Structure formats: C-alpha cells, structure tokens
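The sequence shown begins at 1 in the numbering used here and counts up one residue at a time. The block underneath contains the structure these notes are about, expressed in structure tokens.
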Amino acid sequence: AVFIASTIALLILIYLGFINFKKNRRIAAQEQLLQQQKIAELEKNKQLNTIEAMLKGQEEERSRIAKDLHDGLGGLLSGTKMSLINLKDNPGVADDRSGLFNKSLSMLDNAIGDLRKIAHNLMPEALVKFGLIEALRDFCDAIESSTGIKVLYQPLSNEGRLSNTSQIYVYRIIQELVNNAVKYADPARIIVQLSIGKIKTGITVEDDGKGFDLNELDKTKGTGMANVKSRVEFLNGTMDILTAPGNGTSVNIEF
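This is the structure we're talking about:
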C-alpha cells in the first residue's frame, strides 16, 4: 500500500511538474512574442522618423529654392526687362533694332513665366493661403491649361481635418501621380478624387492612358514613385495600383 501511495504521489508530482513546465514555456513564448512586437514597433518608429526627417528636409529645401528663385532670379529678370524697355524707348536706338528688342522682351516674359511655374510647383502659394482643396483645384487647372489634357478634379468630401504636414504630403502625392500620368501615360483625361473623412482619407488618381506593366514600376517611374510610397508610408496608409498595358492606370490611396 505504501508503494502504491508513493507511486501515485510521484505520478502526481510528475504531472504537476509537466503542467508547470508547459505553463512556463507558454509564458516564455508570449514574452518572446511581445519582445519581438516591441522590437518591430521600435524599428517601424525609427523608419518613420527617418522618412519624416527626409520628407521634412525635402520640403524645407523646396521652400528655400522657391524663395531664392522668386526673390533672386525673378527680381533680376524683372529688372532686366525694365532696363530693356527703357533702352528701347531711348531716342538714340535705331528703328531697325526695335524688332530685336521686342524679341528679347518676349523671351524675358517667357523666362519669367517659366520661373513662376517652377517656383509655384516647388511651394504653391495656394496651399499656404487657401488650403489643400483649393490648392489642388489650382494645380489641376494649371495642368489642363498647360498640357491640353482634360483634368477632372473631384473633391468628394471635406468632413475631416488634416494636419498641415499631412496636407503637404497629400498635395505632393497627387502632384507626383498627375505629373507621372502626363509624362508617361499619354492620356486624354485624368481624374483626381479626394475624400477627407472624419476617420479615413481617400485619394484616387486615374487616367485613360497607355498603362504599364506593374513589374516594371520601379524601372519606369524612378524616384517619383519612391517618394509617393514614402509619403504614403509616413501617413500609415495603403496604396493600390490597377493598371495593364493599354488599359490606363488607377492609383488608390487610403490612410
């Protein structure tokens, strides 16, 4: 009887030890999983901080260059134009030089116009003065006017609020996608849709151009699409691209 009782007690101890071992192993596995999740979160935050610093640096550089172009080179060209006008009106200038002066003035006007467009693309005044919705309307109108491509801008809702940083990133995303469509797709029409909701914001840029092979995306679109991806990632969003050769392109972003 003593032997049986000892055997039963030993079996109970072995069973309890086994249960305790499994419990400890489960706790260790959970702690390891939590540790891995923390490491992944830290790495993601580090990556996002790196992306934020890079994008912030890009915007600061754009702003600086735009200001330098406007205040420096823009002022120089305008001053040169005024000097030419005054020289043209000088009685000592022969009449046969009038055509040359007019041509020079026309070239200066074109240069000043191009300079303003470049400065506007680098840091659009409408975004600062009137906000994202109107800045995008201004951008789409400018693209349609300069390229002859029909650009349909459709702000579907504006119920939510975006931070100033998010507004800049959304503008840059749409700017890059539209410019890519103009440059590569040869479209007759581009549709730009923006929906700013209380919870989610959605962006769609669609064209009826020639489309492309998604496998060739990184080769054909270069750093432009890389910047779009970085901004979408910073916004903690998702991007889906629907395209095929000959079938146009639709880019859908949500964050």
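Ideal Cβ placement from N, Cα and C applies to all residues, glycine included. As the structure is a prediction and not an experimental result, all values here were calculated from the model.
### Message
For E159, which residues in the same chain have their Cβ closer than 8 Å to its Cβ, ignoring the five residues on either side in sequence?
### Response
I196, G197 and K198
### Query
Do L152 and V251 come within 9 Å of each other at the CB atom, strictly closer than that value?
no
#### Entry: Pair within 9 Å by beta-carbon distance, P245 and Q193
no
### Task
Return the CA-CA distance between A142 and Q35, expressed in angstroms with no decimal places.
51 Å
### Task
For G17, name the three-state secondary structure that DSSP assigns.
helix
### Within the segment 160 to 235, ranges of the beta strand (DSSP E) (whole runs, at least 3 residues)
189 to 196 and 201 to 207
### Message
Whether or not the segment 210 to 217 and the segment 134 to 148 are in contact is what I'm after, with contact meaning three or more pairs of Cβ atoms, one per stretch, closer than 8 Å; do they touch?
### Response
no
### Query
Just the Cα atoms here: how many angstroms apart are D240 and F234?
16 Å
### Task
Could you name the residues of the same chain whose beta carbon sits closer than 7 Å to that of A126, not counting the 5 residues immediately before and after it, in chain order?
E134, A135 and D138
#### Entry: N24, DSSP secondary structure in three states
helix
### Task
Could you spell out where the beta strand (DSSP E) holding I241 opens and where it closes?
T238 to T243
### Task
Figure out for me which residue from V170, D207, S163 and N247 has the closest Cα to the Cα of K229.
V170
### Message
Just to confirm the assignment, what range does the beta strand (DSSP E) spanning I253 have?
### Response
T249 to E254
### Query
Where does the unbroken alpha helix (DSSP H) through I133 begin, and where does it stop?
L132 to T147
### Message
Using only CA atoms, which one of I174, A188 and G202 lies nearest to T147?
### Response
A188
### Message
Let me confirm a value: V128 is counted as buried when at least 16 other C-beta atoms fall within 10 Å, else exposed. Which label applies?
### Response
exposed
### Query
Nearest to E216 by alpha carbon, out of I203, T243, T238 and D207?
T243
### Message
Are there any heavy atoms of the ligand SAH lying less than 8 Å away from the beta-carbon of I19, as far as the coordinates show?
### Response
Looking for the ligand SAH in the displayed structure turns up nothing, as the structure carries no ligands at all.
### Task
Report the partner residues of Q154 according to the DSSP bridge assignment.
Q193
### Query
Just how far apart, CA to CA, sit G131 and L33?
44 Å
### Task
Answer with buried or exposed for K21, where buried requires no fewer than 16 other C-beta atoms within 10 angstroms of its C-beta.
According to the sequence displayed, residue 21 carries Phe and not Lys. Flag for F21 reads exposed.
### Query
Is it the case that the Cβ atoms of I173 and I203 are separated by a distance below 9 Å?
yes
### Query
Exposed or buried, what is A185 when buried is set at 16 or more other beta-carbons lying within 10 Å of its beta-carbon?
buried
### Query
Among L105, E206 and S157, which one has its Cα closest to the Cα of N247?
E206
### Message
Closest to I191 by C-alpha separation, out of N227, K150, S166 and L162, would be which residue?
### Response
K150
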